[in-house]
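Q: My questions all concern the structure below.
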Amino acid sequence: MNSTNFRRGWRSNRTVFLTLSLMIAVGLILASQAGILSPFEELLTAPLNAVSGIFNRTALAVTDNVNRFGDVQTLQRRIADLEEALALYQTELVEAREIVNDYERLSDLLDYRNSIRDQETITADVIGVDVGGGLRTIAINRGTRDGIAIGMPIVTGQGLVGRVIQVSANAARVMLITEPTSAVSARLETTRVEGSIVGLASGNLLMELIPLDSPVREGDLVRTSGLGGNFPADIVIGQVTSVRPSERGLSQEAQVRSLINFDALELVLVVTNFQPVDLSVFEESPGS
Amino acid sequence: MSNYAALPILFLAAVIQATFIPQIRIFGGAPDLAFLFVLAWSVTSPLETGVLWAFVGGIATDLLSAAPTGASVIGLLLIIFAIDALRRQFVNISFLLILALLVGGTMLQKLVFAFVMILSGYEINLFEYSIYVIAPTIAYNLIFALPAFWFIRRLKPRRDGRVTP
Chain A
17 MNSTNFRRGW
27 RSNRTVFLTL
37 SLMIAVGLIL
47 ASQAGILSPF
57 EELLTAPLNA
67 VSGIFNRTAL
77 AVTDNVNRFG
87 DVQTLQRRIA
97 DLEEALALYQ
107 TELVEAREIV
117 NDYERLSDLL
127 DYRNSIRDQE
137 TITADVIGVD
147 VGGGLRTIAI
157 NRGTRDGIAI
167 GMPIVTGQGL
177 VGRVIQVSAN
187 AARVMLITEP
197 TSAVSARLET
207 TRVEGSIVGL
217 ASGNLLMELI
227 PLDSPVREGD
237 LVRTSGLGGN
247 FPADIVIGQV
257 TSVRPSERGL
267 SQEAQVRSLI
277 NFDALELVLV
287 VTNFQPVDLS
297 VFEESPGS
Chain B
1042 MSNYAALPIL
1052 FLAAVIQATF
1062 IPQIRIFGGA
1072 PDLAFLFVLA
1082 WSVTSPLETG
1092 VLWAFVGGIA
1102 TDLLSAAPTG
1112 ASVIGLLLII
1122 FAIDALRRQF
1132 VNISFLLILA
1142 LLVGGTMLQK
1152 LVFAFVMILS
1162 GYEINLFEYS
1172 IYVIAPTIAY
1182 NLIFALPAFW
1192 FIRRLKPRRD
1202 GRVTP
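From first to last, the protein sequence lines are chains A and B.
All letters in the first sequence, in the order written, are residues 17 to 304 by our numbering.
All letters in the second sequence, in the order written, are residues 1042 to 1206 by our numbering.
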């Protein structure tokens, strides 16, 4: 009973109780610092560390999964951003390629223009292509207002395209040299052998009327001869790809491949200072 | 006895404090679970059991940290005796008083801990410690106080009811 009263007595004295508790706490700290508590600390820490290990692994796993989820969301956002940027860059790339193509075409035309100092030319955009109809023609955005006249030759850096057959104020129609009704006087660059380039229904070119005894080799360059007065001389038409005797056996004919892709023409040059010569007057009979 | 049977919770709190809590900490601050449980217990418990909880909670926390054993005890003891003094003064501890205890108690606990650590040879910049550790810890403790008090309230009647008729 006295013991109980004693316990109640010191407990009721808060100051003593607080002082005693603080002294114990300070004693613990000092003992811990001095290493006296080490055996007890190790004894208590061992199970706590074991439990902590389990908890820590769980915590790390949870955090890892949460982070992964966050990473996935971040990556998804990043992918969406990159896809958007990619779409933008692809559009810009297409535009850049288009500019490069335009540059190359214009550069070719400029080179060609510089190489033909005796010819005056103006550049024209191809605004229509008709190669599947009756006539193989293209339409260009230059007309009489630009000084275009019927018969003017159309060229590119790769060679002869055709000649103007119709013209309006602001547009013109050009008959391609691949048109079957087209005929262009031509000669082989190396041997100066003359012939006539006609279009085939297949869209290829054929050089006819080559004398049998004239040497023709594959790869020979074919140029306009200027004979007949329809085209200026020395414009590249194409290259010989094969040679054979004509059906009647009186001459040779050569397949000629133009360097121009007539289905993808975009820019052409109109030779404006060439006036075609009309020789038809000489073909009329003297009595008529 | 019922008061002592709940003591393993403090060890669990210390383990959680050392494992899960660092994953959600901002700056150097984190909710102080042992502090919250001791506070929640002491508000409605006799001084003797409160002191016991302060010792067990403080020692459990220190065992799983680099601090010397007992470093966290002093602050908790001061808070327990402060609560006891307030209880004798106001009879019932109101919600506002609990909030004040949470804020003031956290500051006291952390500052006392810092002083103990400084005296133990650690270098602590009190200004930075206040900004990066104490302030976030107060915020965390205010957030985690409600679940901690709810948990201790749920725990106490059940154990009291089972052991003490």
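Don't be surprised by glycine CBs; every beta carbon is placed ideally from N, CA and C.
Write down every uninterrupted run of the alpha helix (DSSP H) in the region 186-241 of chain A whose length is 4 residues or greater and which is fully enclosed by it, in chain order.
A: none
Q: Count the other C-beta atoms from every protein chain shown that fall within 10 angstroms of the C-beta of B:Leu1105, then say buried if there are 16 or more, exposed otherwise.
A: buried
Q: Give me the DSSP bridge partner(s) of A:Ala306.
A: Nothing can be reported for residue 306 of chain A, as the shown portion of chain A is limited to 17 through 304.
Q: Opposite A:Asp141 in the DSSP bridges: which residues?
A: A:Leu283
Q: Could you give the first and the last residue of the continuous beta strand (DSSP E) run that contains B:Thr1110?
A: For B:Thr1110, there is no enclosing beta strand (DSSP E), as DSSP marks it with neither H nor E.
Q: Quick one: Cα of B:Leu1156 to Cα of B:Asp1103, how far?
A: It is worth fixing the name first, because residue 1156 of chain B is Phe in this sequence and not Leu. Approximately 15 Å between the Cα atoms of the pair.
Q: To which residues does DSSP link A:Thr172 through a beta bridge?
A: A:Gly175
Q: Between A:Gly175 and A:Arg161, what straight-line distance do the alpha-carbon atoms span, to the nearest angstrom?
A: 25 Å
Q: Enumerate in chain order the residues of its own chain whose CB-to-CB distance from A:Thr137 is below 7 Å, with the five nearest sequence positions on each side excluded.
A: Arg129, Leu285, Val286, Val287, Thr288
Q: Quick check: is the beta carbon of B:Ile1159 nearer than 8 Å to any beta carbon in chain D?
A: The chain labelled as chain D is not found among the protein chains of the depicted structure, namely A and B.
Q: Do B:Ile1050 and B:Phe1076 have their C-beta atoms closer together than 8 Å?
A: no
Q: Applying a beta-carbon distance threshold of less than 7 Å, which residues of chain B neighbour A:Leu60?
A: Leu1104
Q: Counting Cβ pairs closer than 8 Å, one from the region 47-65 of chain A and one from the region 1117-1126 of chain B, do we hit at least three?
A: no
Q: Could you tell me whether the Cβ of A:Ile45 comes closer than 8 Å to any Cβ of chain B?
A: yes
Q: Can you tell me whether B:Val1153 is buried or exposed, with buried defined as 16 or more other CB within 10 angstroms of its CB?
A: buried
Q: Who are the Cβ neighbours of A:Ala270 in its own chain at under 6 Å, not counting the five residues just before and after it?
A: Met223, Val232, Val256, Val259
Q: Less than 8 Å between the beta carbons of A:Ala155 and A:Arg189, yes or no?
A: yes
Q: A:Glu246 to A:Asp97, Cα distance in whole Å?
A: Glu is not the amino acid found at residue 246 of chain A; the sequence shown has Asn there. The straight-line gap separating the alpha-carbon atoms of A:Asn246 and A:Asp97 is approximately 60 Å.
Q: Considering Cα atoms alone, identify which of B:Pro1177, B:Leu1118, B:Thr1147 is closest to A:Glu40.
A: Reading the sequence as shown, one finds Ile at residue 40 of chain A and not Glu. For the residues B:Pro1177, B:Leu1118, B:Thr1147, the minimum Cα distance to A:Ile40 belongs to B:Leu1118.
Q: Show which residues of chain B have a CB atom less than 7 Å away from the CB atom of A:Ile72.
A: A quick correction: the sequence has Asn, not Ile, at residue 72 of chain A. Thr1060, listed in chain order.
Q: Using a threshold of 7 Å, is the CB atom of A:Ser201 nearer than that to any non-hydrogen atom of the ligand NAP?
A: Of ligands this structure carries none, so the ligand NAP is not represented either.
Q: Relative to the C-alpha of A:Ile251, which candidate in A:Arg30, A:Leu109, A:Asp134 has its C-alpha closest?
A: A:Asp134
Q: Kindly indicate the opening and closing residues of the alpha helix (DSSP H) around A:Thr288.
A: No alpha helix (DSSP H) holds A:Thr288; DSSP gives it neither H nor E.
Q: For B:Ile1165, I'd like the list of residues in its chain whose CB is within less than 7 Å of its CB, leaving aside the five on either flank, ordered along the chain.
A: Ala1155, Met1158, Ile1159
Q: Let's test the definition: count the other Cβ atoms within 10 Å of the Cβ of B:Gly1202 and tell me whether it reaches 16, buried, or not, exposed.
A: No answer about B:Gly1202 holds up, because its pLDDT of 40 lies below 50 and its placement is not dependable.
Q: What does the Cβ neighbour count give for B:Gln1130, buried or exposed, with the cut at 16 atoms within 10 Å?
A: Result: exposed.
Q: Taking Cβ to Cβ, would you say A:Phe71 is nearer than 8 Å to B:Ile1062?
A: no
Q: Taking C-beta pairs closer than 7 Å, name the residues in chain B that A:Thr79 reaches, listed in chain order.
A: Gln1064
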